[in-house]
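Undergrad: I have a structure here, written as structure tokens, and I will follow up with some questions on it.
Protein chains in written order, with the UniProt record's numbering: chain A, 1 to 303; chain B, 1 to 420.
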């Protein structure tokens, strides 16, 4: 964390409305309709899942912090609001986003090491020439107008942990929910504190009966519970009639009411997460890999 | 604009050669600038928008060195305003600084810092450049140098458009024997420094290279904190940071002892050293090596021990040769008579050995010295020096680097290793 979110470039330049974001993407599509029909790609969220897995693989041997992975994901999103993915080599872009994010989050890795790792994973798509990555880094920075600081919801979560208070299971689940939100457009649509609150509510309301290790993603733990819909009703009740539901949740609702947080936005985020978990069922790593590989190869984007 | 992550295209679709770019721009030169980008060929529509954005930024400024690649209009314009344009303000290992100005207002000067990128991109952008851009993009305060814009030029260099500060720096004023200044002036300068540092800390940023030649002076006399090449955000609790920061003479004892977790107190110590130097007009503790610096600190303020600084002996590089008792108030009164008793108190609070007991930037600002007579000098009455050469040199220097260069490596060592 650095600087003040309210005065940040993130809030001023990288927060979109849903309509605006759709418009930006539509414009990119309009500009190159042929390529679009020629190279269909999976749903954006499925692609995001794929990219996220690649970033985690990349970071594995470097014991990278979760926050750097999160920053890299936000960089990818920002970059692809300005550039059509079909004009790029996504493997190079994601490796570069990873490299730059590590520098930004104060856990820098040497460029040769990063390129080495990436080549180990995608020998067909990454050239051994480190200059390529350096060049791409430059492009990434330019496209993001050198606005590099990303504010994440993790800190809000840890600050609220003692205030609410939250159990360690709840924090762990909320943390995984935050990890998952990077697979959606939410980081471009809502400020980090809204996301953090959403994650907390989801963790408290949908707490699965068998607590344990949620791993990196909350998907398996939550998808079922959220689909059952019991909690969704409770959530809808948050905005109009506080005072119902179990005491633990009542307390949270009261705190929310006093905090004057934008409940509507929180609910919208919850729904976005729910639909992510639904889409997730269709995810196939093989499918993503094939489509991207075909696109990069036939357009010679890997050179 | 960099084309890097994109496929290599047929030559007609790229902007590779400056010549073809120039021709395009020349053809469009009778249009208003906004239309120039629209006149580019249809064949590369996907680049149009972003390039145009970058061009819009670049077009706002004029810099001589850009001539080779700049839009046609720029060259004509800059020829008319010959001698002021594109003047090289300074050059360092890390960047070249040019004088420039806003296109629509030739009287408003800016400094354009062109970061030297290794021609082959061997190692990516340095952490220094990244840090500078990262923080200056977010910090906006009267006492922090302003970053107006960033743009990339065709030869793939990063250009930072910075506030132009023609007044030199505090080091020049300290060293210049022809300039006489008094306590009121020191109070004004220190006040501006303290506000800038407080603002950084309030925004969770450590500067980590505070020293007189990083404190630049604006045309109106305002002091601005510059060179964020070593800055970083406060680390999350228990995460380590490197101790190889801050130019040695201004480096606090905890860093010399190798502390990996530290706070804004490191900047406050540096501020204290600047304060002392302003009063004495020579650096207070000019150590020849890190070890020498530690013994100079011990001689001046006392030897750090478990009694005056619980936990200090656990620090990795802790050494203590001779035991000097911690200096009391008398020492500061005797050593810095010009500051007056209240000023000596303030300085003493900034030079406490134990960083936990050292004043914070906020406490410095709340000190009663500021409201004690004499009042701080008004900006317009502050002693000043003209000349633009210096700003360029200051900006071009790499973080942690000094004129004679013994600390050159401090910045480099930051990059890898120690921070995990």
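Here a beta-carbon is modelled for each residue, glycine too, at the ideal position from N, C-alpha and C. All values reported here derive from a predicted model rather than from experimental measurement.
When you compare only the Cα positions, how much space is there between residue 343 of chain B and residue 189 of chain B?
TA: Indexing the second chain from 1 puts residue 343 of chain B at position 343. Indexing the second chain from 1 puts residue 189 of chain B at position 189. Cα to Cα, residue 343 of chain B sits roughly 14 Å from residue 189 of chain B.
Undergrad: Less than 7 Å between the beta carbons of residue 43 of chain A and residue 296 of chain A, yes or no?
TA: On the first chain, position 43 is the one that residue 43 of chain A refers to. On the first chain, position 296 is the one that residue 296 of chain A refers to. Against a cut-off of 7 Å, the Cβ pair of residue 296 of chain A and residue 43 of chain A comes out as no contact.
Undergrad: For the 8 Å Cβ check, are there 3 or more pairs between the region 158-165 of chain A and the region 124-137 of chain A?
TA: no
Undergrad: Three-state secondary structure (DSSP) at residue 100 of chain B?
TA: For the purposes of this step, residue 100 of chain B is taken as residue 100 along the second chain, with counting starting at 1. Under the three-state reduction of DSSP, residue 100 of chain B is assigned to strand.
Undergrad: Which residues bound the alpha helix (DSSP H) around residue 142 of chain A?
TA: Taking the first residue of the first chain as position 1, residue 142 of chain A is located at position 142. That run of the alpha helix (DSSP H) goes 130-143.
Undergrad: If you pair each beta-carbon of the region 184-191 of chain A with each one of the region 136-149 of chain A, do three or more pairs fall below 8 Å?
TA: no
Undergrad: So which of A:276, A:277, A:192 and A:197 has the shortest CA-CA distance to residue 4 of chain A?
TA: As a working mapping, residue 4 of chain A is identified with position 4 in the first chain. When only C-alpha atoms are compared, the closest one is A:192.
Undergrad: So what does DSSP say about residue 122 of chain A, is it helix, strand or coil?
TA: Stepping through the first chain from its first residue, residue 122 of chain A is reached at position 122. Residue state, collapsed to three classes: coil.
Undergrad: Within the continuous beta strand (DSSP E) that includes residue 217 of chain B, where are the two ends?
TA: Residue 217 of chain B sits at position 217 when you count from the first residue of the second chain. Run containing residue 217 of chain B: 215-217, per the beta strand (DSSP E) assignment.
Undergrad: Kindly indicate which residue of B:111, B:109, B:192 and B:175 has the alpha-carbon position closest to the one of residue 379 of chain B.
TA: For the purposes of this step, residue 379 of chain B is taken as the residue at position 379 of the second chain. Answer by Cα proximity: B:192.
Undergrad: Please return the same chain residues whose Cβ sits closer than 7 Å to the Cβ of residue 268 of chain B, not counting the five positions on each side in sequence.
TA: One-based indexing of the second chain puts residue 268 of chain B at position 268. Only 350, 358, 359, 360, 361 and 364 meet the Cβ criterion.
Undergrad: Could you name the residues of the same chain whose beta carbon sits closer than 8 Å to that of residue 131 of chain B, not counting the 5 residues immediately before and after it, in chain order?
TA: Taking the second chain and counting its residues from 1, one reaches residue 131 of chain B at position 131. Shown here for residue 131 of chain B: same chain residues with a beta carbon closer than 8 Å to its own, the five before and five after excluded, namely 228, 229, 230, 231, 232 and 399 in chain order.
Undergrad: Mind listing the chain B neighbours of residue 9 of chain A? Cutoff is C-beta to C-beta under 8 Å, in chain order.
TA: Stepping through the first chain from its first residue, residue 9 of chain A is reached at position 9. Those within 8 Å of residue 9 of chain A in chain B are 137 and 138.
Undergrad: Report the CB separation of residue 256 of chain B from residue 290 of chain B in whole angstroms; it is logged as a contact under 8 Å.
TA: Translated into positions along the second chain, residue 256 of chain B becomes position 256. Translated into positions along the second chain, residue 290 of chain B becomes position 290. Cβ-Cβ separation between residue 256 of chain B and residue 290 of chain B: approximately 6 Å, consistent with a contact (criterion under 8 Å).
Undergrad: Quick one: which chain A residues come within Cβ less than 9 Å of residue 125 of chain B?
TA: As a first step, residue 125 of chain B must be located in the second chain, where it is residue number 125. The answer, in chain order, is 100, 103, 134, 137, 138 and 141.
Undergrad: Considering residue 323 of chain B, what are the terminal residues of the alpha helix (DSSP H) in which it resides?
TA: As a first step, residue 323 of chain B must be located in the second chain, where it is residue number 323. Residue 323 of chain B -> no alpha helix (DSSP H), and no H or E assigned at all.
Undergrad: Would you mind working out which of B:108, B:115, B:101 and B:127 sits nearest residue 103 of chain A, comparing C-alpha positions?
TA: Against the first chain, residue 103 of chain A aligns to sequence position 103. For the options B:108, B:115, B:101 and B:127, the alpha carbon positioned closest to that of residue 103 of chain A is the one of B:127.
Undergrad: List, in order along the chain, the chain B residues whose C-beta lies closer than 7 Å to that of residue 4 of chain A?
TA: What you label residue 4 of chain A is simply residue 4 of the first chain in a count that begins at 1. 203, listed in chain order.
Undergrad: Taking a Cβ distance cut-off of 8 Å, strictly less, list which residues of the region 157-190 of chain A are near chain B, in chain order.
TA: Cβ proximity to chain B below 8 Å picks out nothing from the region 157-190 of chain A.
Undergrad: Less than 7 Å between the C-beta atoms of residue 72 of chain A and residue 55 of chain A, yes or no?
TA: For the purposes of this step, residue 72 of chain A is taken as the residue at position 72 of the first chain. For the purposes of this step, residue 55 of chain A is taken as the residue at position 55 of the first chain. Contact: yes.
Undergrad: Is residue 233 of chain B helix, strand or coil when you go by DSSP?
TA: By one-based count along the second chain, residue 233 of chain B stands at place 233. Looking at residue 233 of chain B - three-state DSSP - the assignment turns out to be strand.
Undergrad: In whole angstroms, what separates the C-alpha of residue 281 of chain B from that of residue 333 of chain B?
TA: Numbered from its first residue, the second chain carries residue 281 of chain B at position 281. Numbered from its first residue, the second chain carries residue 333 of chain B at position 333. So the two alpha carbons sit approximately 17 Å from each other.
Undergrad: Would you mind telling me which residues of chain B sit closer than 9 Å to residue 149 of chain A, beta carbon to beta carbon, in chain order?
TA: By 1-based counting over the first chain, the position of residue 149 of chain A is 149. At a beta-carbon threshold of 9 Å, the residues of chain B lying near residue 149 of chain A are 134, 135, 137, 138 and 233, ordered along the chain.
Undergrad: Check the DSSP bridge columns for residue 61 of chain B and list the partner residues they point to.
TA: Locating residue 61 of chain B in the second chain gives position 61, where the first residue counts as 1. DSSP, once it has assigned bridges, lists B:102 as partnering residue 61 of chain B.
Undergrad: If you run the structure through DSSP and keep just helix, strand and coil, what is residue 352 of chain B?
TA: Looking up residue 352 of chain B in the second chain gives position 352. If DSSP states are grouped into helix, strand and coil, residue 352 of chain B belongs with coil.
Undergrad: Using CA coordinates, which residue listed in A:177, A:247, A:260 and A:299 is at the minimum distance from residue 222 of chain A?
TA: Stepping through the first chain from its first residue, residue 222 of chain A is reached at position 222. Residue 222 of chain A has its Cα closest to that of A:177, out of A:177, A:247, A:260 and A:299.
Undergrad: When the Cα of residue 244 of chain B is compared with those of B:197, B:194, B:237 and B:253, which residue comes out closest?
TA: Here residue 244 of chain B refers to the residue found at position 244 of the second chain. Closest option to residue 244 of chain B, Cα to Cα, is B:253.
Undergrad: Please state whether DSSP places residue 148 of chain B in a helix, a strand or coil.
TA: In the second chain, counting from the first residue as 1, residue 148 of chain B sits at position 148. Taken through DSSP and simplified to helix, strand or coil, residue 148 of chain B comes out as strand.
Undergrad: Since residue 221 of chain B contacts residue 385 of chain B with CB under 8 Å, what's their CB separation in whole angstroms?
TA: Here the question's residue 221 of chain B lines up with position 221 in the second chain. Here the question's residue 385 of chain B lines up with position 385 in the second chain. Going by Cβ atoms, the distance from residue 221 of chain B to residue 385 of chain B rounds to 11 Å, so no, they are not a contact pair.
Undergrad: What number of angstroms, rounded off, separates the C-alpha of residue 283 of chain B from the C-alpha of residue 176 of chain B?
TA: Here residue 283 of chain B refers to the residue found at position 283 of the second chain. Here residue 176 of chain B refers to the residue found at position 176 of the second chain. Computed Cα separation, rounded: 14 Å.
Undergrad: Go to residue 299 of chain A, then tell me how far its alpha helix (DSSP H) extends in each direction, as first and last residue.
TA: Numbered from 1 along the first chain, position 299 holds the residue referred to as residue 299 of chain A. Segment 285-299, the alpha helix (DSSP H) holding residue 299 of chain A.
Undergrad: Per DSSP, what kind of secondary structure is residue 169 of chain B in: helix, strand or coil?
TA: In the second chain, counting from the first residue as 1, residue 169 of chain B sits at position 169. When secondary structure is reduced to three states using DSSP, residue 169 of chain B falls in the strand class.
Undergrad: Using only the alpha-carbon positions, how far apart do residue 175 of chain A and residue 153 of chain A sit?
TA: Walking along the first chain from the start, residue 175 of chain A turns up at place 175. Walking along the first chain from the start, residue 153 of chain A turns up at place 153. Spanning the two alpha carbons is a distance of roughly 9 Å.
Undergrad: Please name the residue in B:184, B:297, B:261 and B:251 whose C-alpha comes closest to that of residue 238 of chain B.
TA: Along the second chain, one-based indexing puts residue 238 of chain B at 238. Checking every option, the nearest Cα to that of residue 238 of chain B belongs to B:261.
Undergrad: Name the DSSP beta bridge partners of residue 109 of chain B, please?
TA: Translated into positions along the second chain, residue 109 of chain B becomes position 109. Partner(s): B:101.
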